[in-house]
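If you read the sequences in order, they're chains A and B.
Using numbering that gives the first Met the number 0, the first residue of the first sequence is number 0, and each one after it goes up by one.
Using numbering that gives the first Met the number 0, the first residue of the second sequence is number 0, and each one after it goes up by one.
Don't be surprised by glycine CBs; every beta carbon is placed ideally from N, CA and C.
Let me begin by presenting the structure, written as structure tokens, before commenting on it.
Number of protein chains: 2
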Amino acid sequence: MTTIRDVADHAGVSPATVSRVINGRSEVDPSLAARVRDSIAHLDYRPSRVARSLRSQRSMVWGLIISDIRNPFFTDMARGVEDTAADEGYSVVLCNADEDAAKEQRYIELILDERMAGCIITPAHTSDSNVGALLEAGIPVVAVDREVQSAAIDVVRLDNQEAAAHATRHLLEQGYQRPACISGPASTSTGADRAAGYLEALGGREPLLRYADFKVAGGYDATQALLRLAAPPDAIMVANNLMTIGALRAIDNAGRSAHEVGLISFDELPWADLVEPALSTIGQPTYKIGEAASKLLMKRIRGRTDPPEILTLESKLRVRQSSLRDAIR
Amino acid sequence: MTTIRDVADHAGVSPATVSRVINGRSEVDPSLAARVRDSIAHLDYRPSRVARSLRSQRSMVWGLIISDIRNPFFTDMARGVEDTAADEGYSVVLCNADEDAAKEQRYIELILDERMAGCIITPAHTSDSNVGALLEAGIPVVAVDREVQSAAIDVVRLDNQEAAAHATRHLLEQGYQRPACISGPASTSTGADRAAGYLEALGGREPLLRYADFKVAGGYDATQALLRLAAPPDAIMVANNLMTIGALRAIDNAGRSAHEVGLISFDELPWADLVEPALSTIGQPTYKIGEAASKLLMKRIRGRTDPPEILTLESKLRVRQSSLRDAIR
DNA sequence: CTGTTAGCGCATTCAG
DNA sequence: CTGAATGCGCTAACAG
Chain A
0 MTTIRDVADH AGVSPATVSR VINGRSEVDP SLAARVRDSI AHLDYRPSRV
50 ARSLRSQRSM VWGLIISDIR NPFFTDMARG VEDTAADEGY SVVLCNADED
100 AAKEQRYIEL ILDERMAGCI ITPAHTSDSN VGALLEAGIP VVAVDREVQS
150 AAIDVVRLDN QEAAAHATRH LLEQGYQRPA CISGPASTST GADRAAGYLE
200 ALGGREPLLR YADFKVAGGY DATQALLRLA APPDAIMVAN NLMTIGALRA
250 IDNAGRSAHE VGLISFDELP WADLVEPALS TIGQPTYKIG EAASKLLMKR
300 IRGRTDPPEI LTLESKLRVR QSSLRDAIR
Chain B
0 MTTIRDVADH AGVSPATVSR VINGRSEVDP SLAARVRDSI AHLDYRPSRV
50 ARSLRSQRSM VWGLIISDIR NPFFTDMARG VEDTAADEGY SVVLCNADED
100 AAKEQRYIEL ILDERMAGCI ITPAHTSDSN VGALLEAGIP VVAVDREVQS
150 AAIDVVRLDN QEAAAHATRH LLEQGYQRPA CISGPASTST GADRAAGYLE
200 ALGGREPLLR YADFKVAGGY DATQALLRLA APPDAIMVAN NLMTIGALRA
250 IDNAGRSAHE VGLISFDELP WADLVEPALS TIGQPTYKIG EAASKLLMKR
300 IRGRTDPPEI LTLESKLRVR QSSLRDAIR
């Protein structure tokens with residue numbers, strides 16, 4: 000691999016001058032600069048980001064830790080992060096924690112060991128996440144989708160409680176008598192807040208609340224359990240898209256039609272309009288969430304030291320068919 | 000951040016000894032080693048992977064360039080890669096090229112500049128991919144899902160032509176008279192091979208072949224065009240999962256029922272059984288593909304210099320409902 | 001078995 | 001404006 004020294008020799012200048020041409024941090028005589036650029040092109044020189052990171056003590060890479068790579072919500076968000084990072088000259092290492100705190104911990108250590116410039120994370124648990132280690136090492140962190148209690152960091156998320164309450168009220172207005180809720184783990188702020196919103200909107204009615212794992216299997220099991228109740232629900236609000244897949248499957252396997260039980264799901268799904276009845280959803284501005292988190296992160300990387308900011312973005316209730324009780328189906 | 004020097008001072012040894020304890024490359028007196036380990040724990044020392052990479056001239060990171068992060072096929076495969084890499088002590092940088100050759104090029108440059116240990120890629124185009132630059136720099140490359148002509152590298156893929164022919168024959172056996180095919184770009188080996196398999200199985204029949212972009216929009220447009228033909232197809236084989244979403248949407252928007260037109264899709268989909276009629280698919284062993292590619296890559300990293308290997312994995316035709324002409328629906 | 005020395009490739013002093 | 005010297009943190013070669 001050609002080094003800065005090779006380029007310097009070829010151009011008949013010192014390595015320092017080559018460095019200056021590349022980084023443009025100080026003026027270089029135009030004719031020298033041109034010679035250097037020629038040599039760079041001629042030798043096909045590419046600066047080592049490794050050496051650069053070591054020398055300047057900062058890398059041009061962010062770590063993005065997402066909870067589940069099979070969830071379109073996170074991958075769409077990742078695109079928002081990636082595009083914004085690219086604009087700023089940063090690269091993104093996408094880390095899939097699989098809703099597993101141990102994996103998350105390993106990735107935090109990777110970010111630490113690679114001395115990355117920053118981290119965007121959807122923490123597996125509200126408490127007892129180890130983002131503190133990153134902050135101590137001077138690596139800025141932004142939380143996305145979920146909050147983290149143990150550290151004071153910027154957050155980008157929905158007003159999950161309000162969104163859940165809104166969806167629940169919608170079900171009640173449709174005339175459903177016994178709406179249930181399958182939420183995510185109570186140890187995530189998202190899970191807790193969506194459950195709280197459900198309970199809030201329920202008024203005095205009997206709560207039919209299950210906490211699951213934000214995965215397909217969890218949604219399946221919870222739905223199955225609900226349907227087996229002596230007095231089963233007539234509608235379910237599911238707290239994320241993957242659990243909704245499980246819910247649909249469980250309803251089908253129970254020999255029930257999805258027409259019989261009202262359904263509304265958090266998160267948009269690419270195929271929400273392709274199932275029968277078309278799925279009502281609480282859509283999040285996924286790409287924008289990623290963008291917003293990236294911008295907050297950039298500010299911290301640039302040295303901002305304000306108190307942490309909590310950015311609340313708007314969700315959108317998209318009523319299709321699955322939550323319409325009286326619609327012609 | 001604490002350095003190896005800090006640990007050495009604290010333990011009263013030289014940095015070299017600390018390094019030896021960490022890497023276990025040569026024997027260290029047990030009592031010294033214990034002291035070093037204590038100091039490491041006490042100071043919460045974490046070796047800089049940056050410095051390590053620079054010194055040893057090899058990083059412990061792979062680049063994984065996928066064509067589309069919104070496609071479950073690639074993300075499932077990514078999990079296979081990631082798990083295998085982790086077992087070997089490597090980390091994976093997931094790069095989303097969005098079916099865009101320019102983005103792919105940028106990521107190749109990143110892998111080059113970070114002097115990564117290896118690369119697994121689903122090339123945007125069969126020819127004119129720039130993986131050659133990686134090979135020249137001594138970075139091993141394995142292609143996945145699609146082949147690349149310009150360079151001699153290991154490949155893991157299906158026998159796409161046979162799989163497509165098999166699926167087409169299945170449609171014909173069901174009694175469909177005019178099966179169409181929506182394939183991927185002819186510039187990808189996958190797109191070309193699947194189209195070839197379709198044509199092969201068609202015998203003398205009139206071909207109804209469209210090349211699209213492996214994305215939802217492309218599938219939509221192609222399907223719409225097919226349905227508007229004076230003699231439209233009565234069945235469609237779609238060459239990937241995302242285009243199938245577009246196809247379903249187009250069929251619906253044309254006021255046709257998915258029951259009227261036979262459908263079979265490459266790639267498994269999490270919700271294949273949730274639409275009506277349930278989608279028949281040509282399932283690929285996605286996770287295994289990722290694993291296999293990782294193992295090939297590891298061999299190259301370890302210095303293997305055989306001629307490139309082409310590993311062909313088995314696909315599985317999963318007949319559900321959408322391709323059954325005479326089934327009771 | 002251990003410490004000393006050197007240098008990976010680069011950016012940043014400091015002189016000139 | 002330019003070059004020489006220095007060192008980021010670590011590991012490998014060499015002595016001892």
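Asked, Found
"Run through the DSSP bridge pairs and tell me what T280 (chain B) is partnered with.", "B:S264, B:R317"
"Less than 7 Å separating the beta-carbons of A151 (chain B) and P269 (chain B)?", "no"
"Is DSSP giving G131 (chain B) helix, strand or coil here?", "helix"
"Taking C-alpha atoms, which residue in A:T243, A:N252, A:Y210 lies nearest to R227 (chain A)?", "A:N252"
"Suppose the cutoff is 6 Å on Cβ atoms and the five residues either side in sequence are ignored; what does the same chain contact list for L241 (chain B) look like?", "N70, K214, V215"
"List the endpoints of the continuous beta strand (DSSP E) containing A292 (chain B).", "Here A292 (chain B) belongs to no beta strand (DSSP E); instead the alpha helix (DSSP H) covers 285-300."
"In whole angstroms, what separates the C-alpha of K294 (chain B) from that of S126 (chain B)?", "25 Å"
"Excluding the 5 residues flanking T280 (chain B) on each side, which residues of the same chain have their C-beta closer than 6 Å to its C-beta?", "S264, E267, A271, R317"
"Let me see if you follow: with CB-CB separation under 7 Å, is A271 (chain B) close to chain A or not?", "no"
"Check the Cβ-Cβ distances between E113 (chain A) and every residue of chain B, and say whether any is below 7 Å.", "yes"
"Using a Cβ-Cβ cut-off of less than 7 Å, give me the residues of the stretch 182-203 of chain A that come near chain B, in sequence order.", "none"
"Write down the C-beta distance between A77 (chain A) and L53 (chain A) rounded to the nearest angstrom, noting that I regard them as a contact closer than 8 Å.", "A77 (chain A) to L53 (chain A), Cβ: 28 Å. No contact."
"Please confirm if A50 (chain A) has its CB atom under 7 Å from at least one CB of chain B.", "yes"
"Is the beta carbon of F73 (chain A) sitting closer than 7 Å to the one on I64 (chain A)?", "no"
"Buried or exposed: which applies to G289 (chain B), given that a residue is buried once 16 or more other Cβ atoms fall within 10 Å of its Cβ?", "buried"
"Alpha carbons only, please: which of B:C118, B:Q173, B:L201, B:L207 is nearest the one belonging to A292 (chain B)?", "B:C118"
"Consult DSSP for G196 (chain B) and reduce its assignment to one of helix, strand or coil.", "helix"
"Quick one: what does DSSP say N239 (chain B) is sitting in, helix, strand or coil?", "coil"
"Compare the C-alpha of R57 (chain B) against each of A:G261, A:S47, A:V60, A:G62 and name the closest.", "A:S47"
"Quick one: is N22 (chain A) buried, meaning 16 or more other Cβ sit within 10 Å of its Cβ, or exposed?", "exposed"
"Using the beta-carbon count (16 or more within 10 Å), is T311 (chain B) buried or exposed?", "exposed"
"Could you tell me whether the Cβ atoms of A164 (chain B) and A200 (chain B) are closer together than 7 Å?", "yes"
"Just confirm the distance between the C-beta atoms of R324 (chain B) and Y197 (chain B), as a whole number of angstroms; I'd bet it's less than 8 Å.", "Not quite, the Cβ-Cβ distance comes to about 18 Å (not below 8 Å), so this is no contact."
"State buried or exposed for P206 (chain B), treating a residue as buried only when at least 16 other CB atoms are found within 10 Å of its CB.", "exposed"
"Could you tell me the alpha carbon to alpha carbon distance between V6 (chain A) and E135 (chain B), rounded to whole angstroms?", "18 Å"
"Under 8 Å by Cβ, that's how I've got A116 (chain A) and V154 (chain A) pegged, so tell me the actual separation to the nearest angstrom.", "The pair is not a contact, with the Cβ atoms about 19 Å apart (cut-off 8 Å)."
"Is the beta carbon of R34 (chain B) less than 7 Å from the beta carbon of S25 (chain B)?", "no"
"Smallest Cα separation from G203 (chain A): which of A:L109, A:P178, A:P284, A:E98?", "A:P178"
"Once the 5 residues before and after S314 (chain A) are set aside, which same chain residues still bring their CB inside 7 Å of it?", "L157, A162, I281, G282, Q283"
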